[in-house]
Amino acid sequence: MTHKAVRYVTRSTAAAAGTIATAASSVAAAAVAASIILSPVADASTRLEGVQADLQRAVQLNQITEEQALRFEAKLAGRILGEA
């Protein structure tokens, strides 16, 4: 096989592998999106527990202050409980 032919096969193989990887990641993303959309909605208390845990972690990491966490939690609780 000539050098030019080897280069063509190598490039074609690399392009095909890239296309397959892109398709696989698209399928994986679609599967994740479907699982999120089709999963049952968490009840209000479960959502509030998650919010509290996330805010507590943010305070521990010094990303927000305790006061900011309390205000934000109160605001989200009003929205979450208003939806329920």
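Count the sequence shown with mature numbering (1 follows the signal peptide of the UniProt record, and there is no 0) and you get residues -30 to -1, 1 to 54, in order.
For every residue, glycine included, the Cβ atom is placed at its ideal position computed from N, Cα and C.
Quantities reported herein were computed from a predicted structural model and do not represent experimental measurements.
Expressed to the nearest angstrom, what Euclidean distance is found between the alpha-carbon atoms of A47 and A23? 13 angstroms
6 angstroms CB neighbourhood of A1 in its chain, flanking five on each side removed: none
Length of the line joining the Cα atoms of S15 and L51: 9 angstroms
Three-state secondary structure assigned by DSSP to L18: helix
Buried or exposed for L25, going by 16 or more other Cβ atoms inside 10 Å? buried
How many angstroms separate the CA atom of Q33 from the CA atom of E43? 15 angstroms
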